[in-house]
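Below is one structure, written out as structure tokens, with a few remarks after it.
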Amino acid sequence: MRLRRALLALVAVFPMLSGVVLAHHSRAHYGTEESTTRGTVLEYKWRNPHVYVVWAVKDQDGKTTQWVGEMASLTSMIADGMTKDSLKIAMKLLLSPSQQRLRVRLKPSSRR
Amino acid sequence: MRNRIIVAILALVSLALSPAILAQERGFGRPTTETQPDKELTPGPGWKTCPRCTNNKQLAAAYKTYNVDGHPFDPHDLSGVWGNNGIELDVKNVPPFTPLGEQMFEATRSEIPTTNSKDGMLICDPLGYPRLFAYNYGFQFVMLPDRVLQFFEWGHTWRDIWTDGRKLPDDPPQPRWLGYAVGRWEGDTLVVEGYGYDDRSWISEDRRNRIRGFPHTDQMRTIERYRRTSYGTLEAEVTITDPKIFTRSWTTKGKVELRPNAELWEYFCVPSESDDYNKRLIDAARQSK
Chain D
-7 MRLRRALLAL
3 VAVFPMLSGV
13 VLAHHSRAHY
23 GTEESTTRGT
33 VLEYKWRNPH
43 VYVVWAVKDQ
53 DGKTTQWVGE
63 MASLTSMIAD
73 GMTKDSLKIA
83 MKLLLSPSQQ
93 RLRVRLKPSS
103 RR
Chain F
786 MRNRIIVAIL
796 ALVSLALSPA
806 ILAQERGFGR
816 PTTETQPDKE
826 LTPGPGWKTC
836 PRCTNNKQLA
846 AAYKTYNVDG
856 HPFDPHDLSG
866 VWGNNGIELD
876 VKNVPPFTPL
886 GEQMFEATRS
896 EIPTTNSKDG
906 MLICDPLGYP
916 RLFAYNYGFQ
926 FVMLPDRVLQ
936 FFEWGHTWRD
946 IWTDGRKLPD
956 DPPQPRWLGY
966 AVGRWEGDTL
976 VVEGYGYDDR
986 SWISEDRRNR
996 IRGFPHTDQM
1006 RTIERYRRTS
1016 YGTLEAEVTI
1026 TDPKIFTRSW
1036 TTKGKVELRP
1046 NAELWEYFCV
1056 PSESDDYNKR
1066 LIDAARQSK
């Protein structure tokens, strides 16, 4: 299998009461590539300072691409309802970005 | 095996999902209070959530639970956990630079056009002050007879604001990332003077384009003013003066809300994680330049 490793940084910025939205890392260096992907969770690290996810995406030709996602700070993800138990190995993921927004939706857990 | 590294970055900026999309699946990266959890996450009974762990809906409920609105308060008691981010510096009113300031400002320009690669934050340098004023993930004031302690969630560090009458050192024996700070009351306003800052820190990242940072020298002085206007509201102001960098002072005013349902958790910049991030993202960006 030819493996393509892809790197996806997911930086979540949430609106605060102050009206200020900031992120640890600048997003200026992030590209604007947009695509909706479905994948399978390979690794999930619920930790400070950033939540870390690795998942695999299989394309139409059967090739598997491994994606690495760095999400927002753990605390920001908690505010949005994410917990240490939100992702499990082998869980199916659907990531659907829209412009500069990314929606991460989780489908019911299932084994590969 | 052929390995290719694709850098595809998607910013998770909070905006509402359409209701249709939300129908059957859980989503993250959403700001809408209607889809965020009602219940705060805490370590257990008796524990509180963290400033940034609270969404707007939970905070509104906490304000009712703790009777924040109309709650009696002592204006000379600033105790509490405040805000969850800091007060961003007023970049619409950045003072004109001196020639040296202009030179130092330009020296902070990123090596690559798409990121602030020279930001010490990326290698876990201390943020320093007043950068922690602008970016802190929430802070807590603790009032003591001889000082006010200011704890920050970012870096899980603290700052001593001495209120015992001592003066700032004229010639600090050691430059400090958080400087030396003394405070006094002017009416109901706590006035904090700071000096003796380590010049390796930035005043702040330049949030206008995030590819430069505002530098300072060891001559920088800060004056902060804090006034509790209600039990749940703290007005905060910082004036930055550095005659080597700016031709006039730079003042930022704002306010932060009490977080009655929160206590500071920890948020560390972790060198090993940053190193991994920098190798994967920053170095990849350099190579694709």
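Protein chains in written order, with the numbering used here: chain D, -7 to 104; chain F, 786 to 1074.
Glycine residues also receive a C-beta, built at the ideal position from the N, C-alpha and C atoms.
Would you mind stating whether His941 of chain F and Tyr1052 of chain F have Cβ atoms separated by less than 8 Å?
-> Yes, they are a contact pair.
Going along chain D, which residues have a C-beta under 7 Å from Arg837 of chain F?
-> Scanning chain D for C-beta atoms nearer than 7 Å to the C-beta of Arg837 of chain F yields Ser65, Thr67, Ser68, Ala71, reported in chain order.
Exposed or buried, Trp970 of chain F, counting other C-beta atoms within 10 Å across all chains shown (16 or more means buried)?
-> Classification of Trp970 of chain F: exposed, given that the 10 Å Cβ count is below 16.
Is DSSP giving Ile1008 of chain F helix, strand or coil here?
-> Ile1008 of chain F falls in the strand class under three-state DSSP.
Given that Val60 of chain D touches chain F, what residues does it touch there, using C-beta distances under 8 Å?
-> Neighbours of Val60 of chain D across chain F, judged by C-beta separation under 8 Å: Arg1065.
Which chain F residues are close to Thr56 of chain D, counting only those with a beta carbon under 9 Å from its beta carbon?
-> The contact set of Thr56 of chain D on chain F, defined by CB atoms closer than 9 Å, is empty, because the minimum CB distance reaches about 12 Å.
Does the beta carbon of Thr75 of chain D sit closer than 8 Å to a beta carbon anywhere in chain F?
-> At a cut-off of 8 Å between C-beta atoms, Thr75 of chain D counts as an interface residue with respect to chain F.
Spatial neighbours of Gly913 of chain F in its chain, beta-carbon cut-off 6 Å, leaving aside the 5 residues before and after = Same-chain partners within the cutoff: Trp962, Ser986.
In this structure, does DSSP put Phe858 of chain F in helix, strand or coil?
-> Correct three-state label for Phe858 of chain F: coil.
Kindly say whether Glu1051 of chain F, judged by its beta-carbon, lies nearer than 8 Å to any beta-carbon of chain D.
-> Chain D contact via Cβ: present.
Consider the Cβ of Asn840 of chain F: report whether some Cβ of chain D lies at a distance smaller than 8 Å.
-> Nearest CB-CB separation between Asn840 of chain F and chain D: below the 8 Å threshold.
Minimum length 3: unbroken beta strand (DSSP E) runs contained in the stretch 978 to 1022 of chain F = Here the runs fully enclosed are 1006 to 1015.
Terminal residues of the beta strand (DSSP E) in which Tyr36 of chain D lies = From DSSP, the beta strand (DSSP E) with Tyr36 of chain D extends over 29 to 37.
Proximity below 8 Å, CB of Cys835 of chain F to CB of Leu1019 of chain F = No.
Tell me whether Met906 of chain F sits in a helix, a strand or coil according to DSSP, three-state version.
-> For Met906 of chain F, the three-state secondary structure derived from DSSP is helix.
With Arg916 of chain F as the anchor, note down where its beta strand (DSSP E) starts and where it stops.
-> Not the beta strand (DSSP E): Arg916 of chain F falls in the alpha helix (DSSP H), residues 916 to 919.
Through-space distance from Gln925 of chain F to Tyr848 of chain F, alpha-carbon basis = Cα to Cα, the separation comes out at about 17 Å.
Helix or strand or just coil, what does DSSP make of Ile946 of chain F?
-> Strand, per DSSP.
Answer with yes or no whether the minimum CB distance from Glu896 of chain F to chain D is below 8 Å.
-> No - not a single Cβ of chain D is within 8 Å of the one on Glu896 of chain F.
Going by beta carbon distance, what residues of the same chain come within less than 6 Å of Ser902 of chain F, once the five residues before and after it are set aside?
-> Contacts found: Ser895, Glu896, Ile1067.
Could you round the C-beta distance between Pro960 of chain F and Thr893 of chain F to whole angstroms and report it? I think they count as a contact, below 8 Å.
-> Incorrect: roughly 18 Å between the Cβ atoms, too far for contact.
Quick one: what's got a C-beta closer than 6 Å to Ser989 of chain F's C-beta in the same chain, skipping five residues either side?
-> Only Leu874, Arg916, Ala919, Phe999 meet the Cβ criterion.
Exposure of Val43 of chain D, with buried meaning 16 or more beta-carbon neighbours within 10 Å = Its Cβ being crowded by 16 or more others within 10 Å, Val43 of chain D is buried.
To which residues of the same chain is Trp1035 of chain F closer than 6 Å at the C-beta, ignoring the five residues directly before and after it?
-> Setting aside the 5 residues that flank it on each side, Trp1035 of chain F is surrounded in the same chain by Pro880, Ile1025, each with a C-beta closer than 6 Å to its C-beta; the list follows chain order.
Closer than 8 Å, CB to CB, is Gln821 of chain F near chain D or not?
-> Taking a beta-carbon distance threshold of 8 Å, Gln821 of chain F counts as an interface residue toward chain D.
Taking only the alpha-carbon atoms, compute the straight-line gap between Leu863 of chain F and Glu35 of chain D and give it to the nearest angstrom.
-> Roughly 43 Å between the two C-alpha positions.
What in chain D is Cβ-close to Val1055 of chain F, meaning under 8 Å?
-> Residues of chain D passing the Cβ test: Asn40, Pro41.
Listed by chain order, chain D residues near Leu826 of chain F by CB distance under 8 Å | Chain D residues near Leu826 of chain F: Ile70, Thr75.
Could you check where the beta strand (DSSP E) with Gln959 of chain F kicks off and where it finishes?
-> First-last for Gln959 of chain F: undefined, no H or E at that position.
Lys84 of chain D bridges to which residues according to DSSP?
-> Residue pairing by DSSP places Lys84 of chain D opposite D:Thr32 in a beta bridge.
If we count the other Cβ atoms within 10 Å of its Cβ and call it buried at 16 or more, is Leu934 of chain F buried or exposed?
-> Exposed is the label assigned to Leu934 of chain F, since fewer than 16 other Cβ atoms lie within 10 Å of its Cβ.
Just how far apart, CA to CA, sit Ala15 of chain D and Arg995 of chain F?
-> For Ala15 of chain D, the predicted model reports a pLDDT of 41, less than 50, meaning its position is unreliable and no value from the coordinates is stated.
How about Lys80 of chain D and Arg30 of chain D: are their beta carbons less than 8 Å apart?
-> No, the pair does not count as a contact, with Cβ atoms beyond the cut-off.
Cβ-based burial, Leu87 of chain D [other Cβ within 10 Å; buried from 16] | With 16 or more neighbouring CB atoms inside 10 Å of its own CB, Leu87 of chain D falls in the buried class.
Are the CB atoms of Ala1047 of chain F and Val927 of chain F nearer to each other than 8 Å?
-> Pairing Ala1047 of chain F with Val927 of chain F gives a Cβ-Cβ distance that is not under 8 Å.
Please say whether Ile1008 of chain F and Val976 of chain F have beta carbons closer to each other than 8 Å?
-> Cβ distance < 8 Å, so Val976 of chain F and Ile1008 of chain F count as in contact.
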